[in-house]
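Counting along the sequence shown from 1, when you hit position 288 you're at 288 in the numbering used here, and nothing is skipped either side. What follows is a single structure, written as structure tokens, with notes after it.
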Amino acid sequence: MRHSFMSTKSRFVSLSVLSLLMATAAVQAESLLIRNVSIVSGDNPQASTAQDVLINNGKIQAIGTRLGQADRQIDARGKYLIPGLIDSHVHLDGVPGYKGHDAKDELMLQQAKAQMPRSYAYFGFTTVLDLTGDANFIANWNSLPLGPKAYFCAPVVIPNGYPAVFFGKEGQFQLKGSQFMLYDPAQPDVYPASFNKEEHSPEAVVAIAKQQGARCIKVFYETGFGAQRNLPVPSVTLMKAVVAQAKQQSLPVFLHGNSQAAYEFALDSGVNTLVHGLWHTHKGVEPQHNHSKLDQIADQLVKAGIAVQPTIQVLYGEQELLNPAFFQNPQVQHAIPQSLIQWYQTEAGQWMNKELAGNFAPAQNPAQLYQQIKQAYQHPLNTVKKMTADLKQRGALLQFGSDTPSGPFYSQFPGINGRWEMDRWLETGLSLSQLFSAMTSGNAKALGMDHQIGLVAVGLDADLLLLNSNPLQDVRAYDEIEWVILKGKAVERSLLSATQ
Ligand SMILES: [Zn+2]
Numbered sequence: 001m002r003h004s005f006m007s008t009k010s011r012f013v014s015l016s017v018l019s020l021l022m023a024t025a026a027v028q029a030e031s032l033l034i035r036n037v038s039i040v041s042g043d044n045p046q047a048s049t050a051q052d053v054l055i056n057n058g059k060i061q062a063i064g065t066r067l068g069q070a071d072r073q074i075d076a077r078g079k080y081l082i083p084g085l086i087d088s089h090v091h092l093d094g095v096p097g098y099k100g101h102d103a104k105d106e107l108m109l110q111q112a113k114a115q116m117p118r119s120y121a122y123f124g125f126t127t128v129l130d131l132t133g134d135a136n137f138i139a140n141w142n143s144l145p146l147g148p149k150a151y152f153c154a155p156v157v158i159p160n161g162y163p164a165v166f167f168g169k170e171g172q173f174q175l176k177g178s179q180f181m182l183y184d185p186a187q188p189d190v191y192p193a194s195f196n197k198e199e200h201s202p203e204a205v206v207a208i209a210k211q212q213g214a215r216c217i218k219v220f221y222e223t224g225f226g227a228q229r230n231l232p233v234p235s236v237t238l239m240k241a242v243v244a245q246a247k248q249q250s251l252p253v254f255l256h257g258n259s260q261a262a263y264e265f266a267l268d269s270g271v272n273t274l275v276h277g278l279w280h281t282h283k284g285v286e287p288q289h290n291h292s293k294l295d296q297i298a299d300q301l302v303k304a305g306i307a308v309q310p311t312i313q314v315l316y317g318e319q320e321l322l323n324p325a326f327f328q329n330p331q332v333q334h335a336i337p338q339s340l341i342q343w344y345q346t347e348a349g350q351w352m353n354k355e356l357a358g359n360f361a362p363a364q365n366p367a368q369l370y371q372q373i374k375q376a377y378q379h380p381l382n383t384v385k386k387m388t389a390d391l392k393q394r395g396a397l398l399q400f401g402s403d404t405p406s407g408p409f410y411s412q413f414p415g416i417n418g419r420w421e422m423d424r425w426l427e428t429g430l431s432l433s434q435l436f437s438a439m440t441s442g443n444a445k446a447l448g449m450d451h452q453i454g455l456v457a458v459g460l461d462a463d464l465l466l467l468n469s470n471p472l473q474d475v476r477a478y479d480e481i482e483w484v485i486l487k488g489k490a491v492e493r494s495l496l497s498a499t500q
């Protein structure tokens, strides 16, 4: 009895000593001095002359010359220090393309989930915005080591609309996210008895979102695709009420929409950001529309100050799912763990490819099928590229968001998908400088966090990347990240690779 009491007591004492030591360690985080580095930062970025940057307690403490000593120093002569990249359109839940749950896949899934945050960081992303997140999931994600810090938007939906419809007539009301479901006056008879109208008004759902720490409100204008078509969409009146409540709570409203009709809905309802490029010109509009209408819409978006995320990689990613050589890309090996790459090539892992292939005439071989999908995607890709170029020409606000993943597609894997979206931006004629600012200071503003991230400036979080070449000269500079600095902790890029 006494013995066990003693051992319990001594264990208690040693635990307190340990926690005291840990607390001290947390306060005295390692300081880091990056010497002789050229800084690239801001809305009109240029590479600076050589500077020293001192990092302490996860923040940038000083920028200057001959800044003295630190616990650790990196000599960065000839290298470039930039803010960590921000992707303002991701979906963090789940492993892309994996559905259901088979006990024999447990280890592979664990490896995949452990790698996904590291893959974002490997490709330079230190902050991500989950557009359909939830407070607990995000808190859990942020407790993982070596990944980007995540924030979330609350998904505010209507019954039977996109994406609630995927959960079924009853299931849609039983989800945790159904706390953000709106009462839709256009569908008065679809609710279960337990559904309290007052708790699902625009005012109520926006207030819950704010209370739970959401950074933004996500809404949807989507009449459907694939097996789900002619879905109900919210009325302009209902959406205006959501926008008004969100404005009161200082939450921007992000609208899912990729059609001309959705873009017109954005203009009518006054949302802040369209989270997709425009690639469907015919869906939901009268057949007599013409292309000058798109020019007009571009003008109106600029006037209304509505931002657009082109998300061109969404279409490429779908197309690449049928590329037989996809896994041979060496970049892919850094993003996706080997065990998952193997699974994706099994019968079970190919389900989405088969579903996608079903939309095309039977092909003689995989290469021919890949040609077919590339041909089919030509028109929407041309449209979204033209619209993005039009918006750029008019000085519209373009936000960088990759939509990773936009569906169950391994071809849009965390981190690498954002890197590919960079290439897509440049293909529309956007400059390296515009791309750079959109991924850093621009997205920091979109998240209302420009006082904290998105610049290399004193007092801001030390979320930084050290590159071997100048990102204003060649996009491949983003493939030459040497160090990823996460809240002041410098991690060698190679250690974040899935091959490690
Ligand atoms: Zn999305």
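In this text, a Cβ means the ideal position worked out from N, Cα and C, and glycines have one as well. Please read all numbers here as calculations on a predicted model, not as lab measurements.
Between the CA atoms of W425 and V37 - distance to the nearest angstrom: 27 Å
From C216 to Q364, what does the alpha carbon distance come to, in whole angstroms? 47 Å
Run through DSSP, which three-state label would D390 get? helix
From A307 to Q69, what distance separates their C-alpha atoms? 43 Å
Going by other Cβ atoms of all chains shown within 10 Å of its Cβ, with 16 needed for buried, is R77 buried or exposed? exposed
Flag this pair as touching only if the stretch 51-69 and the stretch 448-461 have three or more C-beta atom pairs under 8 Å; answer yes or no. yes
At a threshold of 7 Å, does D87 count as lining ligand 1 (C-beta to nearest heavy atom)? no
So, S41 versus L447, is the Cβ gap smaller than 8 Å? no
Consider the C-beta atom of S259 and the heavy atoms of ligand 1; say whether any pair is separated by less than 7 Å. no
How about S406: is its C-beta nearer than 8 Å to some C-beta of chain D? Reference to chain D is not applicable here, since this structure consists of a single protein chain.
Looking at H91 and ligand 1, is the gap between the Cβ and the nearest heavy atom below 7 Å? yes
Between which two residues does the alpha helix (DSSP H) holding G418 run? I416 to E427
Please find out if some non-hydrogen atom of ligand 1 comes closer than 7 Å to the beta-carbon of K403. The amino acid at residue 403 is misidentified as Lys; the sequence shows Asp. It does: the Cβ of D403 is within 7 Å (strictly closer) of some heavy atom of ligand 1.
Let me confirm a value: H101 is counted as buried when at least 16 other C-beta atoms fall within 10 Å, else exposed. Which label applies? exposed
Can at least three beta-carbon pairs, one atom from the stretch 410-429 and one from the stretch 110-123, be found at a separation below 8 Å? yes
By the 10 Å Cβ neighbour count, where 16 or more other Cβ atoms means buried, how is G226 classified, buried or exposed? exposed
From what residue to what residue does the beta strand (DSSP E) around F220 run? C216 to F220
Excluding the 5 residues preceding and the 5 following L356 in the sequence, name in chain order all residues of the same chain whose CB lies nearer than 8 Å to its CB. E318, L321, L322 and I373
In the DSSP assignment, what are the bridge partners of V128? D87 and A150
Three-state class that DSSP yields for R118 in the structure shown: helix
Within 7 Å: the Cβ of S406 and any heavy atom of ligand 1? yes
Exposed unless 16 or more other CB atoms sit within 10 angstroms - verdict on E492: exposed
Quick check on E222: buried or exposed, where buried means 16 or more other Cβ atoms within 10 Å of its Cβ? buried
Should the stretch 465-477 be regarded as contacting the stretch 143-162, the criterion being three or more beta carbon pairs within less than 8 Å? no
With burial defined as no fewer than 16 other Cβ atoms inside 10 Å of the residue's Cβ, what is the status of P188: buried or exposed? exposed
Neighbour-count burial assignment, S399, 16 or more Cβ in a 10 Å radius: As written in the sequence, residue 399 is Gln, which differs from the Ser given in the question. Buried is the call here.
Tell me the rounded alpha-carbon separation between D268 and N56. 47 Å
Can you list, in chain order, the residues of its chain with a C-beta nearer than 7 Å to that of L486? Leave out the 5 residues immediately preceding and following it. A121, T126, L146 and D463
What are the boundary residues of the alpha helix (DSSP H) that G168 is part of? Note, G168: premise wrong, no alpha helix (DSSP H); not H, not E.
Rounded distance between the beta-carbons of V205 and F167, thought under 8 Å: With a Cβ gap of about 17 Å, F167 and V205 do not count as contacting.
Just mark S250 as buried or exposed, buried being the case when its beta carbon has 16 or more other beta carbons within 10 Å. exposed
Does the Cβ-Cβ distance between P501 and I158 come in under 8 Å? Given that the chain is displayed from residue 1 to residue 500, the structure contains no residue 501 and the question cannot be resolved.
With a cut-off of 8 Å on the beta carbons, I'd call V271 and V236 a contact; round off their distance for me. That pair is no contact at about 11 Å.
Tell me whether V275 counts as near ligand 3, meaning its Cβ is closer than 7 Å to at least one heavy atom of that ligand. Ligand 3 is not part of this structure, which contains only ligand 1.
Kindly indicate which three-state DSSP category A204 falls into: helix, strand or coil? helix
Can you grab the Cα-Cα spacing for the pair L54 / D390, in whole Å? 42 Å
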